[in-house]
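Trainee: So the sequence shown is numbered by this note's numbering: it starts at 1 and just counts up by one. C-beta: ideal position from N, C-alpha, C; glycine also. Quantities reported herein were computed from a predicted structural model and do not represent experimental measurements.
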Amino acid sequence: MTALILHGGAGARRERNYDAEVMHMRQVVEAMKARLDAGDSALDVAVAAVTMLEDSGLYVAGKGASPNLAGAYELDASLMDGSTKRAGSVAALQGFRNPVVAARAVMDRTPHVMLVGEGAALFAHEQGLEPIADEAAWYTGAGQGEDNHPPGTLSHGTVGACVLDSQGRLAAATSTAGVFGKMPGRVGDTPIPAAGTWADGHAATSCTGQGEYFIRVAAAAQVAWRVAAGQTLAAATQAVIDEIGGMGGDGGMIALDAAGNIACPFNSQGMKRAWLTSAGDIGVEVFGR
């Protein structure tokens, strides 16, 4: 049995057309289904899915990033392997194409979980990861039309994937350029295991939204802990989103449990997401619940 779910951010606005994103997310799921059918690991598939989302330029992550208030592109990403609880993360990374690949390298090639800023960039360079030669030409600013909150508040966008492979292993990965108009050095939930990304033997979760709220409730890990305590995945994820909403925050999350159940609650206008069920069915949605 295999399954996966991915998201392209909870910043969707009803006045925008998302045909390109819907088509692309379906393509990503189809490509990842082929990899799962070939026996690839959950972690490898999660990283591959997020890399495709980063490279598309359609979402507020990777190529689709927008700059911070100082005009710099600071990107974040993290991943977690549920079978080992190993994790890797980069925050405020500048100058490299795929933050999720850098996060994977941190996990695989260092004794650390997170590298940030100049240290993350130096490490990425040392590892031979692909640099961005011309930022102005590379970045698309995909989310500019998704600046979805009043000035001075936290407009947002992120991508992520949760995967269950044929050996029953769970993994999750998340990547973002952060909230719009963020202060230099701002770090949200995306690169923080337990807040924006989590995977263990019970569930895998990737979050999207106003990260400051997700950090404050350990949103991603809380889902898995609730599932471990006996809650259904649907109840666990909705409880966390309700808690965030009660604090005044918005966003959503995708999650997958060891039985192949998927959940994707959100309290924003929409959340771009697509999935592969354990029965082999593919679905894509932006606004429907």
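In the DSSP assignment, what are the bridge partners of VAL284?
Mentor: Along the sequence shown, one-based indexing puts residue 284 at 284. Answer by DSSP bridge pairing, in chain order: ALA274.
Trainee: Short of 7 Å in beta carbon distance, which residues of its chain neighbour HIS202, apart from the five on each side in sequence? Order them along the chain.
Mentor: Locating residue 202 in the sequence shown gives position 202, where the first residue counts as 1. Within the same chain, HIS202 has close Cβ partners ALA224, VAL227, ALA228, ASP257 and ALA258.
Trainee: In the DSSP assignment, find the alpha helix (DSSP H) that holds VAL223 and state where it starts and stops.
Mentor: The residue you call residue 223 lines up with position 223 of the sequence shown. From DSSP, the alpha helix (DSSP H) with VAL223 extends over 219–228.
Trainee: Do GLY260 and PHE287 have their CB atoms nearer than 7 Å?
Mentor: Position 260 of the sequence shown, counting from 1, holds the residue named residue 260. Position 287 of the sequence shown, counting from 1, holds the residue named residue 287. Their beta carbons are not under 7 Å apart, which means GLY260 does not touch PHE287 by this criterion.
Trainee: Alpha carbon to alpha carbon, how far is ALA212 from ALA195?
Mentor: Locating residue 212 in the sequence shown gives position 212, where the first residue counts as 1. Locating residue 195 in the sequence shown gives position 195, where the first residue counts as 1. Note that residue 212 is Glu in the sequence shown here, rather than Ala. For GLU212 and ALA195, the distance between alpha carbons rounds to 9 Å.
Trainee: Since VAL159 sits in a beta bridge, which residues does DSSP pair it with?
Mentor: Translated into the one-based positions of the sequence shown, residue 159 becomes position 159. Note: VAL159 sits in a beta bridge opposite SER175.
Trainee: Grouping DSSP H, G and I as helix and E and B as strand, with all else coil, what is LEU93?
Mentor: Taking the sequence shown and counting its residues from 1, the one referred to as residue 93 is at position 93. Three-state DSSP puts LEU93 in a strand.
Trainee: Pull up the distance between the alpha-carbon of ASN68 and that of ARG86, whole angstroms please.
Mentor: Taking the sequence shown and counting its residues from 1, one reaches residue 68 at position 68. Taking the sequence shown and counting its residues from 1, one reaches residue 86 at position 86. If I take the Cα positions, the gap works out to 30 Å.
Trainee: Have a look at ALA172 and GLU243 and give me their C-alpha separation to the nearest angstrom.
Mentor: As a position in the sequence shown, residue 172 is number 172, starting the count at 1. As a position in the sequence shown, residue 243 is number 243, starting the count at 1. In a straight line, the C-alpha of ALA172 is about 22 Å away from that of GLU243.
Trainee: Taking the alpha-carbon positions, what's the PHE266 to GLN238 distance?
Mentor: In the sequence shown, counting from the first residue as 1, residue 266 sits at position 266. In the sequence shown, counting from the first residue as 1, residue 238 sits at position 238. Distance between the alpha carbons of PHE266 and GLN238 is about 8 Å.
Trainee: Should ASP37 be labelled buried (16 or more other beta-carbon atoms within 10 Å of its own) or exposed?
Mentor: Taking the sequence shown and counting its residues from 1, one reaches residue 37 at position 37. With fewer than 16 Cβ atoms within 10 Å of its Cβ, ASP37 is classed as exposed.
Trainee: From VAL22 to VAL284, what distance separates their C-alpha atoms?
Mentor: Taking the sequence shown and counting its residues from 1, one reaches residue 22 at position 22. Taking the sequence shown and counting its residues from 1, one reaches residue 284 at position 284. If I take the Cα positions, the gap works out to 6 Å.
Trainee: Exposed or buried, what is GLN222 when buried is set at 16 or more other beta-carbons lying within 10 Å of its beta-carbon?
Mentor: The residue you call residue 222 lines up with position 222 of the sequence shown. By the neighbour-count rule (16 or more Cβ atoms within 10 Å), GLN222 is buried.
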